[in-house]
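Visitor:
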Amino acid sequence: MIDWCEKCEEMMQPFLDGALSPDEVQAAERHLEGCSWCAKRYRFEERLRHYVRVATAEPMSPGLKARLAALRTPL
Amino acid sequence: MSESAPSTADTRRLAEEARTRVRFEEEALELSDQVYRVARRFVGSKEEAEDLVQQTYERAFRSWRQFTPGTNLRAWLLRILTNLNIDRGRRQQRSPQTTSLDTEAGDYFLYNALESQGPDENPDEDRVLERLSQDSIVDALADVPHDFRDVIVLVDIGEFSYADAAQILDIPIGTVMSRLHRGRRILKKNLADEVVNS
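If you're matching them up, the sequences are chains A and B in order.
Mind the numbering: the first sequence is residues 1 to 75 in our numbering, read in order.
Mind the numbering: the second sequence is residues 1001 to 1198 in our numbering, read in order.
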């Protein structure tokens, strides 16, 4: 079981990136169904990726937006 | 031979070109929020990011004819931005050395570290994630060496494909994948260190 958890840890990034072969996906899913320890860590990674995207988003200032709009070719 | 025919054709061509240019500029401006989001994490400050985005649009609007309609405009703009960023001397900036220790910890490392820090016996993953503040994410990402950070920013924040990221950074797709893999581990190691040290 431990070996499988290690393998599952190795497969996590490509699994979530959709970069595994169908056979590998099936193997990972079979393990995750029976292993709540790994499943929890996969769900955490998914949420972490989303959180990284949200936490690092900083809106552009209206000033910059106006400066960019002013670069347009005059009609 | 009448001169009006070519001049009408010229006028029509110029009018068509003007329309294409206006359309290009509008489409490029619609992408500016997404371009800024990436720029902001490429560089250290808001001011630098704003300068970089402004220069990107100045250059893009000057060289709009080089853009092939129907291809990925967002990736094209980011390619300009990346080149400008390199021109600004980013290559000379010292990038902290990473050791294999940063990445050999594996992908469960952060979760295990957070879980062991908390008071609960068997918390669910949302409780564990709440132990990370927004600031800690921003700081941990900024501390990832830029070669790795650039790939994380493009793929995980900018939501570019591996292929687009490879094109933007002018590196092979296999390098994108390996840097992404390592970069995410470094990010998680940084986060774990911050939480443990706080």
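For each residue, glycine too, the CB sits at the ideal point set by N, CA and C.
Taking 8 Å as the CB-CB limit, is residue 44 (chain A) close to chain B?
Guide: Translated into the one-based positions of the first sequence, residue 44 (chain A) becomes position 44. Residue 44 (chain A) counts as touching chain B.
Visitor: With DSSP collapsed to three states, give me the class of residue 1171 (chain B).
Guide: Along the second sequence, one-based indexing puts residue 1171 (chain B) at 171. Looking at residue 1171 (chain B) - three-state DSSP - the assignment turns out to be coil, as it is neither helix nor strand.
Visitor: Applying a beta-carbon distance threshold of less than 8 Å, which residues of chain B neighbour residue 61 (chain A)?
Guide: Residue mapping note: residue 61 (chain A) aligns to position 61 of the first sequence, counting from 1. Near residue 61 (chain A) (Cβ distances below 8 Å), the residues of chain B are 1046 and 1050.
Visitor: Going along the chain, which residues of its own chain have a beta-carbon closer than 8 Å to the beta-carbon of residue 1092 (chain B), five neighbours each way excluded?
Guide: The residue given as residue 1092 (chain B) occupies position 92 in the second sequence. The predicted model places residue 1092 (chain B) with a pLDDT of 48, which falls under 50 and marks its position as unreliable; any figure quoted below should be read in that light. Correct list: empty, nothing qualifies.
Visitor: Quick one: what does DSSP say residue 1109 (chain B) is sitting in, helix, strand or coil?
Guide: Translated into the one-based positions of the second sequence, residue 1109 (chain B) becomes position 109. The answer is helix: DSSP assigns residue 1109 (chain B) an H, G or I state.
Visitor: Assign residue 1035 (chain B) to one of three DSSP states: helix, strand, or coil.
Guide: In the second sequence, residue 1035 (chain B) corresponds to position 35, counting from 1. In the structure shown, residue 1035 (chain B) sits in a helix (DSSP, three-state: H, G or I).
Visitor: To which residues of the same chain is residue 1049 (chain B) closer than 6 Å at the C-beta, ignoring the five residues directly before and after it?
Guide: Against the second sequence, residue 1049 (chain B) aligns to sequence position 49. 1039, 1040 and 1043.
Visitor: Using 8 Å as the threshold, is the stretch 1057–1075 of chain B in touch with the stretch 1155–1170 of chain B, meaning 3 or more CB pairs across them?
Guide: yes
Visitor: Go through its chain and collect everything with a Cβ distance to residue 1176 (chain B)'s Cβ below 6 Å, but skip five positions before and after it.
Guide: Working through the second sequence from its first residue, we reach residue 1176 (chain B) at position 176. Here the set comprises 1151, 1162, 1165 and 1166.
Visitor: Going along chain B, which residues have a C-beta under 7 Å from residue 9 (chain A)?
Guide: In the first sequence, the residue the question calls residue 9 (chain A) occupies position 9. Per Cβ cutoff of 7 Å: 1106, 1107 and 1108.
Visitor: I believe residue 1195 (chain B) touches residue 1131 (chain B) by the beta-carbon criterion, under 8 Å. Please report the beta-carbon distance rounded to the nearest angstrom.
Guide: Your numbering for residue 1195 (chain B) matches position 195 in the second sequence. Your numbering for residue 1131 (chain B) matches position 131 in the second sequence. So it is a contact: roughly 6 Å between Cβ atoms.
Visitor: Can you tell me whether DSSP reads residue 1092 (chain B) as helix, strand or coil?
Guide: Counting from 1 along the second sequence, the entry for residue 1092 (chain B) is found at position 92. Its pLDDT being 48, under 50, residue 1092 (chain B) is placed unreliably by the model, and the measurement read from it follows with that caveat. In the structure shown, residue 1092 (chain B) sits in a helix (DSSP, three-state: H, G or I).
Visitor: Going by Cα to Cα distance, which pick from A:5, A:8 and A:58 is closest to residue 1034 (chain B)?
Guide: As a working mapping, residue 1034 (chain B) is identified with position 34 in the second sequence. Measuring from the Cα of residue 1034 (chain B), the nearest candidate turns out to be A:58.
Visitor: Determine whether the Cβ of residue 32 (chain A) lies closer than 8 Å to any Cβ atom of chain B.
Guide: Mapped onto the first sequence, residue 32 (chain A) falls at position 32. Chain B, which has no Cβ nearer than 8 Å to the Cβ of residue 32 (chain A), makes this no.
Visitor: Between which two residues does the alpha helix (DSSP H) containing residue 1050 (chain B) stretch?
Guide: Residue numbering aside, residue 1050 (chain B) sits at position 50 when the second sequence is read from its first letter. Its alpha helix (DSSP H) spans residues 1046–1062.
Visitor: Can you confirm whether residue 1031 (chain B), when its beta carbon is compared against all beta carbons of chain A, has any partner nearer than 8 Å?
Guide: Here residue 1031 (chain B) refers to the residue found at position 31 when the second sequence is read from its first residue. No - not a single Cβ of chain A is within 8 Å of the one on residue 1031 (chain B).
Visitor: If you measure from the beta carbon of residue 55 (chain A) to each beta carbon in chain B, is any gap under 8 Å?
Guide: The residue labelled residue 55 (chain A) in the question sits at position 55 within the first sequence. Chain B contact via Cβ: present.
Visitor: Would residue 1121 (chain B) pass as an interface residue toward chain A - the criterion being a Cβ-Cβ separation below 8 Å?
Guide: One-based indexing of the second sequence puts residue 1121 (chain B) at position 121. Not an interface residue.
Visitor: Name the chain B residues whose beta carbon is nearer than 7 Å to that of residue 69 (chain A)?
Guide: As a first step, residue 69 (chain A) must be located in the first sequence, where it is residue number 69. Under the 7 Å cutoff, chain B gives 1029.
Visitor: Taking any Cβ of chain A, which residues in the stretch 1161–1189 of chain B have a Cβ under 9 Å from it, in chain order?
Guide: Taken in chain order, the members of the stretch 1161–1189 of chain B whose beta-carbon sits within less than 9 Å of a beta-carbon on chain A are 1162, 1177, 1180, 1181, 1184, 1185, 1187 and 1188.
Visitor: Thinking just about the alpha-carbon of each residue, which of B:1188, B:1047 and B:1068 is nearest to the one in residue 1024 (chain B)?
Guide: The sequence position of residue 1024 (chain B) within the second sequence is 24, counting from 1. That would be B:1068, whose Cα lies nearest to the Cα of residue 1024 (chain B).
Visitor: From what residue to what residue does the alpha helix (DSSP H) around residue 1073 (chain B) run?
Guide: The sequence position of residue 1073 (chain B) within the second sequence is 73, counting from 1. From DSSP, the alpha helix (DSSP H) with residue 1073 (chain B) extends over 1073–1087.
Visitor: Please name the residue, chosen from B:1046, B:1047, B:1081 and B:1174, that lies closest to residue 1211 (chain B) on a Cα-to-Cα basis.
Guide: Here chain B comprises residues numbered 1001 to 1198, so residue 1211 (chain B) is not present and cannot be evaluated.
Visitor: Would you list, in chain order, the members of the stretch 1051–1064 of chain B that have their beta-carbon closer than 8 Å to a beta-carbon of chain A?
Guide: 1053, 1054, 1057, 1058 and 1061
Visitor: Count the other CB atoms within 10 Å of the CB of residue 1156 (chain B); is the residue buried (16 or more) or exposed (fewer)?
Guide: Taking the first residue of the second sequence as 1, we reach residue 1156 (chain B) at position 156. Buried.
Visitor: Return the chain-ordered list of same chain residues with a C-beta closer than 6 Å to the C-beta of residue 14 (chain A), the five sequence neighbours on each side being excluded.
Guide: Translated into the one-based positions of the first sequence, residue 14 (chain A) becomes position 14. Around residue 14 (chain A): 20.
Visitor: So with CB distances below 9 Å, who are the chain B contacts of residue 75 (chain A)?
Guide: Residue numbering aside, residue 75 (chain A) sits at position 75 when the first sequence is read from its first letter. Those within 9 Å of residue 75 (chain A) in chain B are 1018 and 1022.
Visitor: Closest to residue 1070 (chain B) by C-alpha separation, out of B:1192, B:1027 and B:1171, would be which residue?
Guide: Along the second sequence, read from residue 1 onward, the residue named residue 1070 (chain B) stands at position 70. Closest by alpha carbon: B:1027.
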